[in-house]
Every structure is written in structure tokens, then in C-alpha cells.
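Q: Can you read through this structure? Questions will come right after.
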Amino acid sequence: MTPTPLPTTGRGKPRGRLTLAAAAGLSALVLVAACSGPPRAGAEGAFTLSAGTPAAKGELDSFRWATYAEPSTLDYISAFDYPQNTILSNVCESLMRWTPQLTLAPGLAEKASNPEPTTWVYDLRPGVHFHDGSVMTADDVVYSFGRQMNPDNGAAWAQVFQNVRSVSSTGLLQVTVRLAKPDSQFPQYMATAAGVVASAKGVRAAGKDYGTSGGLDCTGPYTLGTWSKGQSIDLERFDGYWGTKARTRKVTFTFLTDPSARVNAMLTGEVDGGYLIPTESYDRLRNSGAGTLYFGEGLSTVNVNVTSMKGALGDVRVRRALSLALDRSGFVRTGLGGVGSVTGSLTTRAAWAAAPEAVRASAFDGLTPTAQDLRQATALVKEAGATGKTVTVATSSIGQDVSLLATAVQAAGARIGLDVRLRTIAPNAFSALFTDPKAREGIDMFPETYYDSITDPLDLLSNFRTGAYQNYAGYSDKAYDDLVDQAAAVYDPARRTAVEAQLQKTASDRLLWIPVAEWPTSVFLNKRLTGAPTTIAYMYYPWAADVGAAR
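Mature numbering (1 follows the signal peptide of the UniProt record, and there is no 0) puts the sequence shown at residues -33 to -1, 1 to 518.
Here's what the structure looks like:
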């Protein structure tokens, strides 16, 4: 979704130790994720991953939050990027819930059971009200999932439902999902925007305007308030919420596309905080005394997404050459403010925590080299007959993590005989690269920070399956597809990750995207508030409800 920019990135959708309990009679599906740990070494020193921020001590009347772009829609079927999900996660809820610790917990379903490999049964919470006051039933779940599955809607999450044979109401508060074949990914995605439940009546009444005006008719701790186009979105506390009442009455999301303006607003108190902090401002915010900058598990890797293999990049030798010519360490120092680590893996190490040690070692053995080798890179370009050929890379002023990576790719190409040209995309239009083929026309690559939406390596590695949503370059290999299917069909994480290690090796060998760095989540809070999670869970967890007075 991902989408990606991160802190300001070229965001990707569609951000950890994982175990899956899938036995009949289980009270809930449980995913156990490791989301914190010791300081991680960056290119310029060390940074610490915080498990969270201090709990709020009291309520607030309101707070203002900065986002780098305005959502084009808040329709849950299109929530595939940072701006949409950061807001929507507080308004719309899913069957399951991703917690701040990156564990899977009950959401609108108080129980999830797996009586047989191809059946998932969700028992819903009683007495849950939509924002219009009506009561949620199984029919609303069936309708909401039907919108995701309808090909006419072009849902960003449609791939999650590719193995779903039917979704039916088997009781007033029970939904049964029958699969064409076992799918270990489906129950995990029920904690993302794929699992959102909205009022069938409300969505039908809004028609084509759903998600762009009026209410969203969901069940979260906040309702959609005033949307001042081009400026801000207000959320209002929902007093009829089934769970713990939000600590703040009103939250305003302010759209600040310029990174400097966004940071200045945090320093002056014009806004109270924000996620996805511009990397060039890390030190400024840390030393300002205006608040605290935190880093948390992001399940995120910075990559160069290969969107077309019709030109020079169709030859794997050219992709390898660009990878070998990239100065990854320099990018981490400048583009990520020293907060990150160079990697030759498209997936984070945290995503493999459920794997046995031997499998984890094999998944990271012999991957894409990260050290610069200009001599070999130049030779590969010549061998491929690509000297002087053009490669177009999208860039944006969203933040220097995007702009400097695009510039680094251009510089790498120039040093090995390629003509790399940059095409500037406005921050508000960058998300279209993930959803609109026309926006990608004439573009061969773009910087993407990909966050896993579930704590499973297959979340990223399945992008290279034939026809996958983010398989923009049209890569197709039956052997790879078969491995994806094999991994998806295995509920046991030890067996599944063994297959995923093979997928990781293939993606690395063929450089389907170019891996650059691992990158944590960042969040800044000024002195008046606290309680926001530090992890990437804020994409699907109602984080704003936890934010309150710091003292």
C-alpha cells in the first residue's frame, strides 16, 4: 500500500514475530509480533526503537495532526496509502484489530475460528452501533466485503479476497467465509482496511459520493466531521462507541505538503504532532525542546520499485548494475537522517521472527549485494548493450527520503553509462502511482517505502505474483506463482516461512525491486499530549483515541 512514501516517502501499501493459532473453538486468531528491541545501528550511529509513548494522563478538547497529503477518498476499499489509513483507522474498524504491539486481536469480531482449512467463522460483537445509530449485523459484513470483491469497484484490497468462494450470514451476528483453498493470509488481513465493516444502508445512501463527502457510517471511536477540501479534515468523538471512549473530543488533520512547513508547524505548536517525520528534520526536532521524537517498529523497507521492464530495465543485468552503483550508506546518512540500516533484502528481519533460526538464516543468505561496485556495474551495462539508454525515475518533494533516493539512482546511472532522468510528481499526486496505470506511464522506477500490512514476509513477496496489485512491471513466472500459492496455503508459520525464503531468494536474484534500507516508523509529539503508538500499527489501529493530555 503499503501504498509508499514513509515519513514522507513514496509510500507503498499497501508495515515481528508471528504465530497463527487456527484451531476449532479458538476464542481468537492470535498473531504474536516482536515490535521492539535493542537500539539498531544506523549508518551514522544508533537509534532506539520505543515500544510506545507514555500513557495519557487526562483528556483533551482537541489536537491538530499534520499529514503530508490530502486523501483523494476515505472509502475503505481504496485505503492503500499513509494519508487515508492514518485518518480512516480512527473512523472505520475491521473484523480483527492490529494492536500497537503488532499483534492480532479481536476487533468487531469477538471470536474467529477455523473449523476446517477452507472455512473461517467470525462471531460479531453484539450491540455495536454505526455512526448513524443503527446496529451492526452480519449483513453489513457481507455487504462490506462484497464491495471489496466486486471487480467493478477496482478495490485496492481485492487481492486479499482472491481465494474467497463465498461470504455469508450464518446468524444475526455470525459471518462464515468459505475459501476455494486454504489461505493463511486472509485471516491476517482481516485486521487491515480489507476487513473494514461499514453500514450497508449508509454506503448505499451515499452512492458514488461515499468516501468523499458526508459520513462514512462506520463503527470507530471517531466520526467524520468537516472536510475542508485542500486544508483539513475534522474527526469528532463518537459517544456511542462500543469500546473505550476516545480521550480527545476533536482531532483535526491538517494537510501540509511542504516538509519544512510541516516541521515548522510542529515546532511552533500550530500542529501538535505527526507521523512520517521528514528525515532532514530529525535532529532539529530532537533538539528543539518542543516535544519528543520517537522511533518504532515500521516493518518497512525503502526500495526502488521497478514499474516497467519494457525498456533498458527489462534486462536483469541493467537492474543489477543500478543496484551495484547505488550508494546505500550515503542514502541512509542523508536521505534517512542516519536512522535506518542498509539492506539487500526487500523484507525486514522483523517480518521473519516466526521462522526457525535456520530458515531465517537462509532467507537472508546471499541476497542482493549492498556494497558499491562501479566497475562491475559499468561492465554489466556494456554487456547488456544499454550504454546511453534512458531510464525515467519519478521523484517528489514529499520528503528527502524520496527526492534523495531518486537523485541517488540518477547519480548511480550517470556513473555507469545510463541516462537516468527524473520526473517530478506533486506530493498530492504521488499516491496515484500506486493505483493509476496512467500515472505510471513513461516511468520506469520510483522510490517506495513498503510497509507490511501484516507481520508476514508474503505480504511483500506476493507482489511479484502474476497479476498482483503492485506487480506494475508485469513480471510473470509460473514457478514463482506456484511458490506463492504454496506458502499462502500453509497455516503453520515454520513451514510457510521455509517456502517464503525461496521466494525471497528469487526476488533478490532477479532484482524485481531494488532493496535499499530498513526504516523505522517516526512520530513527533509536543509537550501537551502523549499516548500515540510508535509502531506502524497506527495504519489500522484507532490510535487517536489513545492520545490525551501529557500532564
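Here a beta-carbon is modelled for each residue, glycine too, at the ideal position from N, C-alpha and C.
#1: Compare the C-alpha of P394 against each of L313, Q129, A36 and name the closest.
#2: Quick check on this structure: which residue in A322, S364, I44, K24 has the alpha carbon closest to the alpha carbon of A165?
#3: Could you name the residues that DSSP lists as bridge partners for T362?
#4: Please report how far the alpha carbon of K277 lies from the alpha carbon of K217, in whole angstroms.
#5: Assuming contact is defined by CB atoms lying nearer than 8 Å, are A18 and D106 in contact in what I supplied?
#6: Can you give me the C-alpha to C-alpha distance between L62 and P245, rounded to a whole angstrom?
#7: Whole alpha helix (DSSP H) runs in the stretch 246 to 307 with 4 or more residues, listed along the chain?
#8: Do you know offhand how far S199's Cα is from T219's?
#9: For A213, which residues from the same chain have a beta carbon less than 6 Å from its beta carbon, with the 5 sequence-adjacent residues on both sides left out?
#10: Between T433, A172, Q155, L260, which has its C-alpha nearest L69's C-alpha?
#11: Considering only residues of the same chain and omitting the five flanking positions on each side of A336, which have a CB-CB separation below 7 Å?
#12: Please state the DSSP three-state secondary structure of A8.
#13: Could you give the first and the last residue of the continuous alpha helix (DSSP H) run that contains N430?
#14: I'd like to know whether the C-beta atoms of G121 and T502 end up nearer to each other than 8 Å.
#15: If I follow the unbroken beta strand (DSSP E) through I54, where does it start and stop?
#16: Does the structure place the stretch 406 to 414 close enough to the stretch 265 to 272 that three or more beta carbon pairs sit under 8 Å?
#17: Between which residues of its own chain and Q453 is the CB-CB distance below 8 Å, once the five residues before and five after are set aside?
#18: Would you kindly report the start and end of the unbroken beta strand (DSSP E) that includes K78?
#19: Could you check whether R390 and T359 sit closer than 8 Å to each other, using their CB atoms as the reference points?
#20: In chain order, what residues of the same chain lie with their CB nearer than 6 Å to the CB of R286, ignoring the 5 residues before and after it?
#21: Skipping 5 residues on each side, what residues in its chain have a beta carbon closer than 7 Å to that of L139?
#22: Specify, as a first and last residue, the run of the beta strand (DSSP E) that A322 falls within.
A: Inspection of the coordinates gives the following:
#1: Stepping through the sequence shown from its first residue, residue 394 is reached at position 427. For P394, the closest alpha carbon among the candidates L313, Q129, A36 is that of A36.
#2: Position 198 of the sequence shown holds residue 165. The candidate whose alpha carbon is nearest that of A165 is I44.
#3: To locate residue 362, count along the sequence shown from 1; it is residue 395. The secondary-structure analysis by DSSP pairs T362 across a beta bridge with T391.
#4: On the sequence shown, position 310 is the one that residue 277 refers to. On the sequence shown, position 250 is the one that residue 217 refers to. Between the alpha carbons of K277 and K217 lies a gap of roughly 49 Å.
#5: Stepping through the sequence shown from its first residue, residue 18 is reached at position 51. Stepping through the sequence shown from its first residue, residue 106 is reached at position 139. Not in contact: A18 and D106 (Cβ atoms no closer than 8 Å).
#6: Residue numbering aside, residue 62 sits at position 95 when the sequence shown is read from its first letter. Residue numbering aside, residue 245 sits at position 278 when the sequence shown is read from its first letter. The alpha-carbon separation between L62 and P245 amounts to approximately 33 Å.
#7: Runs of the alpha helix (DSSP H) lying entirely within the stretch 246 to 307, each at least 4 residues long, are 249 to 253, 283 to 292, 295 to 301 in chain order.
#8: Counting from 1 along the sequence shown, the entry for residue 199 is found at position 232. Counting from 1 along the sequence shown, the entry for residue 219 is found at position 252. The alpha-carbon atoms of S199 and T219 are separated by roughly 7 Å.
#9: Along the sequence shown, one-based indexing puts residue 213 at 246. P188, R204, A512, listed in sequence order.
#10: Counted from its first residue, the sequence shown places residue 69 at position 102. Of the candidates T433, A172, Q155, L260, the residue whose Cα lies closest to the Cα of L69 is Q155.
#11: In the sequence shown, the residue the question calls residue 336 occupies position 369. Ala is not the amino acid found at residue 336; the sequence shown has Pro there. The beta carbon of P336 lies closer than 7 Å to those of L291, G311 in the same chain, with the five residues before and after it left out.
#12: Looking up residue 8 in the sequence shown gives position 41. Per-residue confidence for A8 stands at a pLDDT of 38, beneath the threshold of 50, marking its modelled position as unreliable; the derived number appears in the next sentence. If DSSP states are grouped into helix, strand and coil, A8 belongs with the strands.
#13: Translated into positions along the sequence shown, residue 430 becomes position 463. For N430, no alpha helix (DSSP H) run applies, since DSSP gives it neither H nor E.
#14: Residue 121 sits at position 154 when you count from the first residue of the sequence shown. Residue 502 sits at position 535 when you count from the first residue of the sequence shown. No. Outside cutoff.
#15: Locating residue 54 in the sequence shown gives position 87, counting from the first residue. It is not in any beta strand (DSSP E) - I54 instead sits in the alpha helix (DSSP H) that spans 49 to 55.
#16: Taking a cut-off of 8 Å on C-beta distances, the stretch 265 to 272 touches the stretch 406 to 414, as three or more cross pairs fall below it.
#17: Locating residue 453 in the sequence shown gives position 486, counting from the first residue. Closer than 8 Å at the Cβ level, and outside the excluded window around Q453, lie V466.
#18: If you number the sequence shown from 1, residue 78 lands on position 111. Bounds of the beta strand (DSSP E) holding K78 are 76 to 83.
#19: Here the question's residue 359 lines up with position 392 in the sequence shown. Here the question's residue 390 lines up with position 423 in the sequence shown. Yes, they are a contact pair.
#20: Here the question's residue 286 lines up with position 319 in the sequence shown. So the list reads L280, L478, once near-sequence residues are dropped.
#21: On the sequence shown, residue 139 is found 172 positions in, with the first residue counted as 1. Excluding its 5 nearest sequence neighbours in each direction, L139 has C-beta neighbours in its own chain below 7 Å: T104, A105, listed in chain order.
#22: Translated into positions along the sequence shown, residue 322 becomes position 355. Premise fails: A322 is in no beta strand (DSSP E) and is neither H nor E.
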